[in-house]
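Take the sequence shown: its position 21, counting from 1, is numbered 83 in my numbering, and each next residue is one higher.
Even for Gly, the Cβ is constructed at its ideal location relative to N, Cα and C.
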Amino acid sequence: MKIVSLLAAATEILCELGLEDELVGISHECDHPPEALDRPRISKPAFDLSGKSSGAIDQAIREGASSRSDLYEIDVDQLRELSPHLILAQAVCEVCAVPTEGAREAARAAEIEADVLSLDAHSIRDVLESVTLIGEATGTAERAEVVVGDLRQRSHEVTRAVAGAPRPRVLALEWLDPLFVPGHWVPEMIDLAGGECVAGEAKGRSVETTAEELAGTDPDVLLIMPCGYGLAATRRDAAEHAELLVKLAPRAIDAGSAFVVDGSSYFNRSGPRIVDGIEILGGLLHPELLALPLAGAADTWKQVATTDSREPTGIVAGI
């Protein structure tokens, strides 16, 4: 079977199921695991967002959506040449990855007879179900059952470790300009890791909000996890919006309980590494009970004043 994955999470699932050899094409955003990254990249953004601030990215995406422009382009000629039997896509968020209908249109344009499987996860249960669905579609159902069982076991181990511990109130920010609080599986991840998510609804969409609406949350813990950003990009974005973050969570920042995390790898993506994310959160929220995350996954974020003024500057200190 030849498979094209237009979703980074699906690429990770395929490799967990031992299907690297069947994977013939990947998306522009696929970055894990390393052994899958030499495949042809079938998609690309319709416009260049590299180097732009979070506010500029948001504006560009809104303008593209209002003009009904496609946010992604698919290489139809390349797709025709690969002629996959199965294409994996999603319908959860048209901003995050190639939508399912776009994948179907590309298959029609390429004149290939490929099944298009849409992975529409809104919860942790849905993410695990995606593993099962791919297993059923690729003849690896038994392996999928093992993978799902292992992911559930690891999640349960975190939950058991923090059972009975005080639950810190957590403010998670999925975008900084404008502000977004997380939906889908992230509030569940915080809950399983022994925290209380103070803004955002599990299994719902991420929600745009304002500093005024969040002013009364006064969280014990601040999590900065912009969608699609790795740790370095998150550090830069947090530094740019340091004054805002201090207004939202002064107590958490003063206590050393504000963290930048690698959202792209462990929180925003509907793949198997969300369980790594639960383990990371467990260590951040309850370091007395669970190990701190490895370097590169998360850092403490601190706000300090420059030597010659009181203007805030964001810096990162290692955990």
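Within a 10 Å sphere around the beta-carbon of residue 218 sit fewer than 16 other beta-carbons, which makes this residue exposed. Only residues of its own chain outside the window of five on either side were considered, and among them 78 and 193 have a CB closer than 6 angstroms to the CB of residue 209, listed in chain order. Scanning its chain for C-beta atoms nearer than 6 angstroms, with the 5 sequence neighbours on each side dropped, one finds around residue 106 the residues 90 and 135, in chain order.
As the crow flies, the alpha-carbon of residue 345 is around 16 angstroms from that of residue 286. Exposure of residue 139 is indicated by the presence of fewer than 16 other C-beta atoms within 10 angstroms of its C-beta.
The C-alpha of residue 333 is placed about 10 angstroms away from the C-alpha of residue 69. Contact annotation: the stretch 143-153 touches the stretch 179-187, with at least three C-beta pairs closer than 8 angstroms. With respect to residue 227, residue 348 sits close: the two C-beta atoms are nearer than 9 angstroms.
Nearest in C-alpha terms to residue 329, of all of 283, 360, 309 and 313, is 360. Residue state for residue 354 is assigned as coil, using DSSP reduced to three classes. Linking residue 177 to residue 73 through their CA atoms gives a straight-line distance of about 16 angstroms. Within the DSSP bridge table, the entry for residue 121 names no partner.
Counting along the chain, the unbroken alpha helix (DSSP H) around residue 328 starts and ends at 325-328. Taking C-alpha positions only, residue 202 is separated from residue 196 by approximately 8 angstroms. Assignment of beta-bridge partners to residue 259 by DSSP yields 232. A direct Cα-to-Cα measurement between residue 237 and residue 71 gives close to 20 angstroms.
For residue 84, same chain residues with a beta-carbon under 8 angstroms away, outside a window of 5 residues either side, are 63, 64, 65, 76 and 200 in chain order.
For residue 274, the three-state secondary structure derived from DSSP is helix.
As the crow flies, the alpha-carbon of residue 315 is around 10 angstroms from that of residue 281. Taken through DSSP and simplified to helix, strand or coil, residue 217 comes out as helix. When the beta-carbon positions are compared, residue 283 and residue 351 stay at least 9 angstroms from each other.
Assignment of residue 173 by DSSP, reduced to helix, strand and coil, places it in the coil class. Counting of Cβ neighbours within 10 angstroms places residue 365 among the buried residues, the total reaching 16 or more.
Only buried fits residue 288, as 16 or more other CB atoms lie within 10 angstroms of its CB. Secondary structure note for residue 186: it is in no beta strand (DSSP E), and the uninterrupted alpha helix (DSSP H) holding it is 186-200. Residues 249 and 250 of the same chain have their beta carbon placed closer than 6 angstroms to that of residue 264, with the five preceding and five following residues left out of the count. DSSP links residue 151 through a beta bridge to 180. Residue 290 sits close to residue 326, with the two beta carbons spaced by under 9 angstroms.
Secondary-structure assignment with DSSP links residue 247 through no beta bridge to anything. Residue pairing by DSSP puts residue 238 in a beta bridge opposite 241. Residue 242 and residue 293 have their C-alpha atoms some 18 angstroms from each other. When the beta-carbon positions are compared, residue 224 and residue 245 stay at least 9 angstroms from each other. Here residue 271 is near residue 240, since their CB atoms are less than 9 angstroms apart.
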